[in-house]
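All you need for the working numbering is the position in the sequence shown, starting with 1, plus 1132.
Ideal Cβ positions, reconstructed from N, Cα and C, are used throughout, including at glycine.
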Amino acid sequence: MTRAPDDRVPILLYHSVSTEAEPLDVPFTLSPTLFREHLELLRSWGVNTLTVSKFVEHIRLERPLPKRSVVITFDDAYVDTVDVALPILLDLGMTATVYVTTGFVDQTVRGKQMISWRGVRSLHECGFEVGAHSTNHLELDTVPHAQALAEVRGPKQRLEEELSAPIRSYAYPHGYYTPALQRLVATSAYTSACAVRNAVSHPADDVYALSRLMMYTTTAPSDLHRMIVQGKAPLSRPGRSMATRGWRVYRCVRHQLSAAQGRHQ
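Here you go:
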C-alpha cells in the first residue's frame, strides 16, 4: 500500500515520564527533559495533536485531517502521567489519549505508583481522552473468552461510571490482539483500539488495531526527527507478521503448560 506523506499519522506510545524507574520499566521510562524535547521537536515542525478518537472520527467521516497530524498516547497510566507529563503537554498546547488499567488505579505496581481516580478525573477535565487498557493487564489473546470479555467491558463500565462520559477507545495490554479480540472490542461499543506494531498509522489503517510507534528511554530527538519529520518509519500494513503469529503460539503453549502445572500442584 502506497500512501502520500501527508496521509501519515504517527501515533506515539509513551509509558512513564520520570527520573526514576524500576528495572522492568527502565526501557520505557523517559526523563521529563527528554519528553519535553520530543514535544518541542514536534511543535517546531508544526504538528497538530489529536486524540485517538478524534483521529478515528476523521477516518469514519472521511474528513480531511489537519496538516501534520500526530497522536500522543500513554499506556498503563502511572501517576507521573498526570503529575509530570500532563503539565508539559498543557504548557506546549498539546493533547493526548491515556489508556487506564482500571484494576491498577490507586495501586503500586512493580514498585511504581499508578494514577489515582482523582488523577483520572483531572485528565478528563483537562480535555484529554481517557481510554480503557483492561482491568488486570493480562495477555488477552491467551485467556478464555469469558475472561477476555470481562477485561474488555469491565474497564469501560468502570471509567464511564467515574467520568460520566463515554469511553470510546481501547488499548490491547502488551499490544497483543487477535481477530477475535478485535471483534470483541468492536461489539463492546468501542470505536477504536490501539495495538503497537511499530509502524505509522494512516487513514486506511485498521481502526481496531491502530499502529503505534513505541517511545523508549533511548529514543533521542534525532530518532523522532528521522521517524516522523523525515518519514523514515514504516507505514502500517494489514494483518500481523508471521513472527507475531509465531510468538503468540509460543505464549499460548506456555500459558497452557503453566495452568496445567498449577492444577497438578
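Checklist entry - With burial defined as no fewer than 16 other Cβ atoms inside 10 Å of the residue's Cβ, what is the status of residue 1251: buried or exposed? => result buried
Next on the checklist: Which residues does DSSP list as the beta-bridge partners of residue 1180?
Outcome noted: 1201
Next on the checklist: Measuring CB atoms only, is the stretch 1298-1313 touching the stretch 1245-1259, in the sense that at least three cross pairs come out at less than 8 Å?
Outcome noted: no
Item to check | Per-residue burial, residue 1264 [other beta carbons within 10 Å of its own, 16 or more giving buried] | outcome: buried
Item to check | Those runs of the beta strand (DSSP E) which lie wholly inside the stretch 1329-1379 and span at least 3 residues | outcome: 1342-1346
Next on the checklist: Assuming residue 1286 is part of the beta strand (DSSP E), what are its boundary residues?
Outcome noted: Careful: residue 1286 lies outside any beta strand (DSSP E), inside the alpha helix (DSSP H) at 1277-1295.
Checklist entry - Among residues of its own chain, excluding the 5 on either side of residue 1209, which ones have a beta-carbon nearer than 6 Å to its beta-carbon? => result 1230, 1232, 1247
Checklist entry - Can you list the alpha helix (DSSP H) stretches of 4 or more residues lying completely in the stretch 1230-1282, in chain order? => result 1249-1257
Checklist entry - CB-CB under 8 Å to residue 1459, same chain, minus the five flanking residues each way: which ones, in chain order? => result Only positions 1133 to 1397 of the chain appear in this structure, which leaves residue 1459 out of reach.
Next on the checklist: Need the endpoints of the alpha helix (DSSP H) that residue 1143 sits in, please.
Outcome noted: Segment 1143-1146 is the beta strand (DSSP E) holding residue 1143; no alpha helix (DSSP H) there.
Item to check | Bridge partners - residue 1161, DSSP secondary structure assignment | outcome: 1148
Checklist entry - Is the stretch 1337-1347 in contact with the stretch 1363-1371, if contact means three or more CB pairs nearer than 8 Å? => result yes
Checklist entry - Since residue 1342 and residue 1184 are thought to touch, with beta carbons under 8 Å apart, how far apart are those beta carbons, to the nearest angstrom? => result 7 Å
Next on the checklist: In this structure, how does DSSP classify residue 1320 when only helix, strand and coil are distinguished?
Outcome noted: coil
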